[in-house]
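Residue numbers (the working numbering): 259 to 630.
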């Protein structure tokens, strides 16, 4: 019998979230971003569930793209960070992929490489994030070269937003203006596309949708708006991953006694006091060795058979401890939801001083994945 921790992945919720995106896009095509193993959910399984819905898939590396091709995914697949050498460019053509070109070195690799077939190129403009992409002048020069290159089938011009999760940030307007001004100067042809919106912009900025939108974390049921802004009315995102385990032991801890490493939590009351009831502590088979955050602080919520309880003590590699409070019915073998259905992963991220993206992508191979 294996450890009881598992990640339950809901295909129905994934497909529901995609239909939310489709309803919001006003006719734009949709690239479903499945990089980093589909944000920890299983890239092949997610792509299979969305194969009849998505117009394309976005990945971070050639290896991620080949995994999807080998699994029978035949939709367009785009390398969002581009290639890292000439041999990879040849593989892009061999597998019928598309790639981002974000710098002069990648552009030259493309133009110097004889390919087995032309590929789709997504040319990236740096509009203010200052991570990847050409300057406006360099972008226009690169686009002109791509328009005459025999290696290129189709062209899409894109940029990436730095502060879309904060809708009031001034940079959003500056990036949009730079994007518009640059593509206007270039003169976009009918057979060329534009792409700017990620999940957050997709929700709040229809003027940024253009021809392609690139939803990522919202497909997996996470609010991308930094918790600062509620989801727009009528937008119902549902959690795709539910991480759960079971109680493997129960402890009765006298008042004033510590629990776990460093006694980071103590049962309420004075040590050796007979006037304070002891605390009932559940030991759960989950820890940072599985991807649950070690820095989840005391009070971080869990659900025990659907009833609220809280982390008590430091999360260890294989186990964590939970204060059951007044729940006298809990017993060994009961289900414990760590995040997902009924308990947003964003809440756990807040208690752990991180982001939901890190938690989802951090669930590792020790955890059994089940798809329903």
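Backbone N, C-alpha and C define an ideal beta-carbon position, used for all residues, glycine too.
The model shown is predicted, which means the values in this text are computed figures rather than measured ones.
Between the Cα of residue 376 and the Cα atoms of 407, 310, 361, which residue gives the shortest distance? When each option's Cα is compared against that of residue 376, the closest is 407.
Reduced DSSP secondary structure (H/G/I, E/B, other) of residue 303: helix
For residue 381 versus residue 359, is the C-beta distance shorter than 8 Å? Yes, they are a contact pair.
Are there 16 or more other CB atoms within 10 angstroms of the CB of residue 357, so buried, or fewer, so exposed? buried
Cα-Cα separation, residue 666 to residue 414: In the structure as shown, the chain begins at 259 and stops at 630. Residue 666 is therefore absent and cannot be evaluated.
DSSP three-state label for residue 613, please. coil
Considering Cα atoms alone, identify which of 610, 562, 604 is closest to residue 572. 610
Segments assigned alpha helix (DSSP H), at least 4 residues, entirely inside the region 356 to 380: As far as the region 356 to 380 is concerned, its whole alpha helix (DSSP H) runs of at least 4 residues are 362 to 370.
Counterpart residues of residue 394 in DSSP-defined beta bridges: According to DSSP, residue 394 bridges with nothing at all.
Where residue 567 falls: helix, strand or coil (DSSP): strand
Output the boundary residues of the alpha helix (DSSP H) element that contains residue 437. 428 to 444
Give me the residue from 554, 515, 592 with the minimum Cα distance to residue 503. 592
For residue 506, which three-state DSSP category applies? strand
Per-residue DSSP class, three states only, for residue 412: strand
Would you list the residues sitting across from residue 589 in a DSSP beta bridge? In the DSSP output, where bridge partners are listed per residue, residue 589 has none listed.
Under 8 Å, do residue 594 and residue 299 count as touching if we go by C-beta distance? No, the Cβ-Cβ distance between residue 594 and residue 299 is not below 8 Å.
How long is the line joining the alpha carbons of residue 301 and residue 276, rounded to whole angstroms? 15 Å
Taking 8 Å as the threshold, find out whether the region 573 to 581 comes into contact with the region 535 to 547 through three or more Cβ pairs. yes
Could you check where the alpha helix (DSSP H) with residue 297 kicks off and where it finishes? 293 to 298
For residue 314: DSSP bridge partner residues: According to DSSP, residue pairing for residue 314 in a beta bridge involves 289.
In this structure, how does DSSP classify residue 277 when only helix, strand and coil are distinguished? helix
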